[in-house]
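Residue numbering for the sequence shown follows my numbering, beginning at 1 and increasing consecutively.
The C-beta atom is built at its ideal place from N, Cα and C for all residues, glycine as well.
To keep things clear, I will list the structure first and then write my remarks on it.
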Amino acid sequence: MLSGQCYDETGKSCKPQGKLVKMHFTRISRLASKGASQMRAWQVQSPGESLQLKTVSMPILTKPNQVLIEVKAASVNPVDTVMVKGYGQEILGMWKKVADCDSKASRFPLIAGRDCSGVVEAIGGGVKGLRLGDEVMAVVPAIWPGSHAEYVVTEESCCATKPKNLDFAQAAAMPYVANTAWAALVSVARMNPRKKPNERVLIHGGSGGLGTMAIQMLKAWGVGKVVATCSSENADVVRKLGGIPVDYRAADVRDKLIDEGPFEVILDCVDTELARWSDQSALRGRWYSYAFFVPNQECMKQLSQFATEGKV
């Protein structure tokens with residue numbers, strides 16, 4: 001297919017009809033040989049309803065920078081469990097209306113899943129760095145249909161080569177938490193991931209998915225000191241990743257945090273009373289308790305590199 005040519009929902013060439021024309025920007029695809037036009041996906045029809053396995057139409061490329069991925073593995077993150085209940089309905093719903101230029105656009109029926117790993121099955125005319133059959137790991141923008149399906153569409157900038165030392169399940173577990181950590185530490189807290197900053201960082205919830213990824217990224221950047229609160233049972237997890245564990249249930253936990261500080265950046269992954277108190281251990285008041293997940297191309301490239309090198 002040629003970039004910018006008009007196709008109908010079955011993939012056949014068509015002529016413009018009326019004022020509204022759907023443009024499919026597929027440059028090259030392997031799907032024709034497979035005869036695929038439908039797929040299975042886990043859907044929620046409206047907020048709060050149960051997940052249902054549905055047969056739905058295959059997603060199509062609508063912009064030249066998009067990629068279609070056959071999903072081999074996809075992770076389930078806390079954000080997925082709350083999104084199916086309606087989390088972010090107003091903000092994300094308005095975002096989708098603006099993005100689609102459609103006041104009636106809705107996020108439901110919803111396919112959750114913000115990251116995955118898989119094989120490239122189709123690429124748009126503007127895609128330069130990926131080829132059909134490439135194994136990738138990827139994130140999916142928050143308002144797009146997600147990866148809990150057999151196929152998913154995302155942008156080339158949201159993809160990175162899957163490290164050969166990882167299987168599909170391992171690769172799928174990292175992109176969402178890595179991009180969330182990047183959004184907090186780089187986009188919001190303005191840390192420089194290229195300069196090996198000699199800073200001290202405190203992470204609340206250091207043994208969770210986001211916390212463990214943040215510790216590994218910070219140590220790979222060369223950050224001098226990473227302190228992470230966790231339970232005594234998970235202290236070894238934090239320690240093995242290069243962090244300094246502090247038991248959040250210890251009677252003297254506040255004194256320990258003050259002794260370990262002051263901290264240039266505090267990342268709160270859990271929103272507890274201790275986390276809210278700990279701004280007293282911050283240096284110059286740089287306190288960041290939350291940053292929304294945003295896909296980042298540099299983060300994806302660095303994640304692939306670090307995973308290949310065994311740093312994450």
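C-alpha gap between residue i and residue j, whole angstroms
i	j	result
leucine 135	cysteine 299	Checking the sequence, you will find glutamate at residue 135 rather than leucine. Roughly 18 Å between the two C-alpha positions.
leucine 241	glycine 205	14 Å
alanine 138	alanine 251	42 Å
leucine 274	tyrosine 176	26 Å
glutamate 264	glycine 310	27 Å
lysine 225	leucine 166	28 Å
alanine 282	isoleucine 266	7 Å
valine 312	valine 127	28 Å
lysine 164	tryptophan 277	43 Å
glutamate 317	glutamate 49	Outside the displayed span of the chain (1 to 312) sits residue 317, for which this structure offers no information.
valine 82	leucine 51	13 Å
glutamine 45	methionine 174	28 Å
alanine 41	phenylalanine 108	13 Å
threonine 161	glutamine 302	11 Å
histidine 24	glycine 125	Reliability fails at histidine 24, whose pLDDT of 48 lies under 50, so the model's placement of it is uncertain and no value is given.
threonine 272	isoleucine 123	44 Å
methionine 217	methionine 191	12 Å
proline 378	aspartate 255	What the structure shows of the chain is the stretch from 1 to 312, and residue 378 is not part of that stretch, so it cannot be assessed.
tryptophan 199	alanine 112	Reading off the sequence, residue 199 comes out as glutamate, not tryptophan. So the alpha carbons of these two residues sit roughly 36 Å apart.
aspartate 399	leucine 185	Given that the chain is displayed from residue 1 to residue 312, the structure contains no residue 399 and the question cannot be resolved.
lysine 54	glycine 222	46 Å
leucine 20	serine 304	In this prediction, leucine 20 has a pLDDT of 39, which is less than 50 and means its spatial position is unreliable; what the coordinates show is noted afterwards. Those two C-alpha atoms are separated by around 40 Å.
For residue i, the nearest candidate out of the options (CA to CA)
i	options	result
valine 227	Val246, Met213 and Asn234	Val246
serine 37	Val56, Gly48 and Gln45	Val56
alanine 172	Val140, Gly126 and Ile123	Val140
aspartate 80	Met58, Gly125 and Phe293	Phe293
valine 153	Lys54, Gly209, Trp277 and Thr62	Thr62
glutamine 280	Thr272, Ile258 and Val270	Ile258
proline 47	Gln66, Lys85, Ser187 and Glu233	Lys85
isoleucine 244	Gly209, Val201, Asp268 and Ala220	Val201
glycine 133	Val270, Val223, Glu150 and Leu68	Leu68
isoleucine 60	Asn77, Met39, Leu53 and Pro78	Met39
methionine 58	Val238, Glu150 and Leu130	Glu150
valine 270	Gln43, Asn234, Ala235 and Thr229	Thr229
valine 238	Ile203, Val223 and Gly222	Ile203
Counterpart residues of residue i in DSSP-defined beta bridges
i	result
glutamate 155	Gln66
cysteine 230	Asp247
glutamine 43	Gln52
aspartate 115	Val139
leucine 313	Past the edges of the chain, shown from 1 to 312, lies residue 313, and the structure says nothing about it.
leucine 202	Val227 and Ile266
threonine 161	Val136
serine 57	Gln38
alanine 181	Answer by DSSP bridge pairing: none, since alanine 181 is not bridged.
alanine 169	Its beta-bridge partners do not exist; DSSP assigns none.
alanine 282	Phe263
valine 294	Answer is none; valine 294 lacks a bridge partner.
The ligand GTP heavy atom lying under 8 Å from the CB of residue i
i	result
glutamate 260	What this structure holds is no ligand at all, so the ligand GTP is not there to describe.
Close beta carbons around residue i, own chain, < 8 Å, minus the five adjacent residues each side
i	result
serine 231	Ser207, Asp247, Tyr248 and Arg249
threonine 308	Pro163, Lys164 and Asn165
Cβ shell of residue i (< 6 Å), same chain only, five flanking positions each side left out
i	result
alanine 169	Ala73
isoleucine 261	Checking the displayed sequence, the identity of residue 261 turns out to be glycine instead of isoleucine. Excluding sequence neighbours, glycine 261 sits near Ser281.
cysteine 158	Ala138, Val139 and Pro295
lysine 22	Legend: pLDDT at lysine 22 = 40, less than 50; position of this residue unreliable, value from coordinates given subsequently. None.
glycine 209	Val177
glutamine 43	Gln52, Lys54, Pro109 and Ile111
aspartate 236	none
Own chain, CB closer than 7 Å to residue i, minus 5 neighbours either side, in chain order
i	result
valine 253	Val246, Asp247 and Leu274
glutamate 156	Asn65, Val67, Val127, Gly129 and Leu130
phenylalanine 306	Ala220 and Val312
asparagine 234	Ser207
glutamine 297	Ser157
>> Check whether the segment 193 to 206 and the segment 134 to 150 touch, using three or more Cβ-Cβ pairs below 8 Å as the test.
In response: no
> Can at least three beta-carbon pairs, one atom from the segment 205 to 218 and one from the segment 175 to 191, be found at a separation below 8 Å?
Replying inline: yes
>> Under 8 Å, with one C-beta from each stretch per pair, do the segment 113 to 123 and the segment 62 to 75 reach the 3-pair mark?
In response: yes
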